[in-house]
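Peer 1:
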Amino acid sequence: MIELKHITAGYQGGVVLRDVSLTIPAGRITTLIGPNGCGKTTLLRVAARQLTPSAGQVLAAGRPAEDYDRREFARFASLMPQVRDVPAITVESLVAHGRFPYLGLSRRMRPEDRQKVAQAMQAAGVEQWRGRDLRELSGGERQRAYIAMALAQDTQIILLDEPTTYLDLGVQFEILSLLQRLNKQGKTIVMVLHDLAQALRVSHHIALMEAGQLVAFETPEQMFRSGRIDRVFGVCGHRDEEGEYYFTPAHK
Amino acid sequence: MHILPRSFTRSLPARSAKGKLTVLAVLAVAVVVAAVISLCSGSQALSLGQLWQVLRTGDTGSTTWRIFVYVRLPRTLACMLAGLALAVAGALIQGVLNNAMASPNVIGVNSGAGFFAIAAATLLPDVPGIMAAAAFLGALLTTLFIYGLAAKAGLSRVTLVLAGIAVSGILSAGIDTITLLYPDQVVGATGFMTGSFSGVALSSLWPAAAYIGAGFVLALFLAADLDLLQLGEETASSLGMRVGLVRFLCILASSLLAGAAVSFAGLLGFVGLLVPHAARRLVGGENRFLLPASALLGMAFVLACDSLGRVLFAPFELPVGILMSFLGGPFFLFLLLRQKRSRVYD
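Order-wise, the sequence lines are chains A and B. Quick note on numbering: this note's numbering labels position 8 of the first sequence as 8, and the sequence is numbered without any gaps. Quick note on numbering: this note's numbering labels position 192 of the second sequence as 444, and the sequence is numbered without any gaps.
(1) Residues of chain B with CB closer than 7 Å to the CB of A:His6, please, in chain order.
(2) What number of angstroms, rounded off, separates the C-alpha of B:Tyr597 from the C-alpha of B:Gly511?
(3) Within the same chain, show all residues whose beta-carbon is closer than 7 Å to that of B:Trp317, passing over the 5 residues directly before and after it, in chain order.
(4) By the 8 Å beta-carbon criterion, what residues does the region 53-66 of chain A contribute toward chain B?
(5) Should B:Ser594 be labelled buried (16 or more other beta-carbon atoms within 10 Å of its own) or exposed?
(6) Tell me the rounded alpha-carbon separation between B:Cys292 and A:Ala96.
(7) If the criterion is Cβ atoms closer than 9 Å, does the pair B:Val341 and B:Ser507 meet it?
(8) Please state the DSSP three-state secondary structure of A:Gln12.
(9) Counting only Cβ-Cβ distances shorter than 7 Å, please list the residues of the region 389-413 of chain B near chain A, keeping chain order.
(10) Can you have a look at B:Leu284 and say buried or exposed, based on whether 16 or more other CB atoms are within 10 angstroms of its CB?
(11) Taking the straight line between their C-alpha atoms, what separation do you get for B:Ala371 and B:Leu325?
(12) For chain B, find out if any of its Cβ atoms is closer than 9 Å to the Cβ of A:Leu137; answer yes or no.
(13) Could you give the residue range of the beta strand (DSSP E) that holds A:Pro261?
(14) Determine the chain B residues that contact A:Ser78 at a beta-carbon separation under 7 Å, and present them in chain order.
(15) Is B:Leu432 near B:Ile464, with beta carbons less than 9 Å apart?
(16) Could you tell me if A:Glu92 is buried or exposed, where buried requires 16 or more neighbouring beta carbons within 10 angstroms of its beta carbon?
(17) DSSP state of B:Val361, grouped into three classes?
(18) Which residues in chain A sit within 9 Å of B:Ala494, going by Cβ to Cβ distance?
(19) Give the interface partners of A:Ile189 over in chain B, defined as CB-CB distance under 7 Å, in chain order.
(20) Can you give me the C-alpha to C-alpha distance between B:Thr395 and B:Ala476, rounded to a whole angstrom?
(21) A:Ala74: which of A:Asp195, A:Ala197 and A:Asp154 sits nearest, CA to CA?
(22) Going along chain A, which residues have a C-beta under 8 Å from B:Gln346?
(23) Note down, in chain order, every chain B residue with its Cβ under 8 Å from the Cβ of A:Ala48.
(24) Identify the contact partners of B:Asn539 in chain A, using a Cβ-Cβ distance below 8 Å as the criterion.
(25) Mind pulling the chain A residues with CB within less than 7 Å of B:Asn351?
(26) What do you get for A:Tyr68, buried or exposed, if any count of 16 or more other CB atoms within 10 angstroms of its CB means buried?
(27) Compare the C-beta of A:Thr23 with all C-beta atoms of chain B and state if any pair is closer than 9 Å.
(28) Quick one: what's got a C-beta closer than 7 Å to B:Leu560's C-beta in the same chain, skipping five residues either side?
(29) Classify A:Lys5 as helix, strand or coil using the three-state DSSP reduction.
(30) By how many angstroms is the C-alpha of A:Asp85 removed from the C-alpha of B:Val361?
(31) Taking the beta strand (DSSP E) that A:Phe217 falls in, what are its first and last residues?
(32) Give the DSSP-derived three-state secondary structure of A:Leu228 in the structure shown.
(33) Look up B:Thr328 in the DSSP assignment and say whether it is helix, strand or coil.
(34) Looking at C-alpha atoms only, which residue of B:Ser455, B:Gly550 and B:Gly294 is the closest neighbour of B:Ala384?
(35) Have a look at B:Pro544 and B:Leu276 and give me their C-alpha separation to the nearest angstrom.
(36) Could you pull out every residue in the same chain whose Cβ sits closer than 8 Å to the Cβ of B:Met493, ignoring the five residues on either side in sequence?
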């Protein structure tokens, strides 16, 4: 569980987040939504300890995040940033990098590390590409490989910044159902999503943000009924007879 | 469209760890063969038999012995040290800057090392080992400056190369100024500017060898962390790596290597650019294989080029730097042209 208390944070003088408090429940899927530039990625980076807030405190499993050693924190939470370099390595090498926080100074993998890597590749469904060059995979395949790396990191919490962006719709569904499956196996998932209908469909909790502040933290059902999404995004939300959410322009 | 076969520029070699070790072993054999050829060839050709004779009897009075100890051995060792140092420095710099077009000569590190080395040799000629120390300092300062530019100004890969050329130009002008003002102090400045191994003495190699040894050990120690750095700064950092520290140590290692090489070999270009690319084709991007492969291939490449330079227009000697520029220049152009088509790190 990660607790953010009165977080103010930003970059080079510019404040992005103002006094945000949020408790991310363990074992659930929490999705951050909000218009571009509202501070979703910044919040994710603060929670992943990649950005030090100028005020406020991050508690990780009840302990201040700054008390953790780097590697210790990397064994607690993993982060999948949206923009990543794609190196010239195999899928298996990439997944093996997830073991970094567990290795000693020699950086040598032990048998249990190799076992974790194999398990992670299997869980993310990438073992058939283990010997393939990362750069030759499709966007969806590569995303699965990065998720496998996060699994090899063996953390309670996985933070993902827009894991479905630039992917074909069918592949987006596959990635989200993979994340749901991992959640059922006990992982806490925190992610930023742009697609509102998908966010409402797969999440247990929605954190709605606007202009650097948290507007509401509720279940998808409550969030949808409150009409806050419609107001913040300037859209009109609907639900069909099967309970699926969809959004149309506000003027209709 | 493809100047070189596709396999040369794309996709990883499908080799197991065992296959990569075999490649390393083959490269090691190539280094031994190239070293023997280097020991034998020159204006006074020595046969293998003569070489063996002189080593077996240890007849220190003979001409052959003197050629061997005072001319050939220092030169062969110098080729090997420079080849290893510049190739590994190139692989490190390409990794740290995440830029396939970077290398010690391209981003101006060689010129920085050269400027400091020449300045130190001119101003403090009596201090022992001053050239290697000054060259290391020059390499370190230049690399940190270029890295600072890349990090703060967010330069693109091609712009960074242009910045390196500008820095290189300024420092080369500095070298020219010193050699003009103190023509008597700087011995063999022409050889220094192009890169040459003629007239290398064993005594000037020892301090450089110490720096190169330290730099190479540090580089091998950093191999796994450098792999992680290729995933991008944020991913590496979220995996618990001290990104800033690792970057600095990589720059330190590459400066130890490139600076020391420049202190005795001069401004030898393109080894650091060409060799890591070829090594990457052979063993892939994992640094625990890439760094040793670059080291071995660098040694074999410089030995071969230097031997070729000695025999090509014998009795005239073509400085090794000139030969390498003929090979490296076109390859650099090829990389620049390819940059247009692909943005991924190769």
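Every residue gets a Cβ at the ideal spot worked out from N, C-alpha and C, and that includes glycine.
Peer 2: The relevant details are as follows:
(1) By Cβ distance, chain B contributes nothing, its closest Cβ being about 24 Å from A:His6, past 7 Å.
(2) Bear in mind that the predicted position of B:Tyr597 carries a pLDDT of just 42, short of 50, making it unreliable; the figure below should be weighed with that in mind. Those two C-alpha atoms are separated by around 26 Å.
(3) Val306 and Asp311
(4) none
(5) Because B:Ser594 carries a pLDDT of 48, less than 50, the predicted location of this residue cannot be relied on, and the following value inherits that uncertainty. Classification for B:Ser594: exposed.
(6) 47 Å
(7) It should be pointed out that residue 341 of chain B corresponds to Ala in this sequence rather than to Val. Yes, these two residues count as a Cβ contact at 9 Å.
(8) coil
(9) none
(10) It is Val, not Leu, that sits at residue 284 of chain B in the sequence shown. Classification for B:Val284: exposed.
(11) 28 Å
(12) no
(13) No statement about residue 261 of chain A is possible, as the shown extent of chain A runs from 1 to 252 and does not include it.
(14) Ser490
(15) no
(16) buried
(17) helix
(18) The sequence shown places Arg at residue 494 of chain B, not Ala. What B:Arg494 touches in chain A: Arg70.
(19) Here the premise fails: no neighbours, minimum Cβ distance about 16 Å.
(20) 21 Å
(21) A:Asp154
(22) Within 8 Å Cβ-Cβ: nothing; B:Gln346 doesn't reach chain A, min ~11 Å.
(23) Ser490
(24) Simply none; closest approach about 10 Å.
(25) Those within 7 Å of B:Asn351 in chain A number zero; the least Cβ separation is about 11 Å.
(26) buried
(27) no
(28) Leu575
(29) strand
(30) 25 Å
(31) Gln213 to Glu218
(32) The residue asked about is misnamed: residue 228 of chain A is Arg in this sequence, not Leu. Helix at A:Arg228.
(33) helix
(34) B:Ser455
(35) 7 Å
(36) Asp477, Leu480 and Leu481
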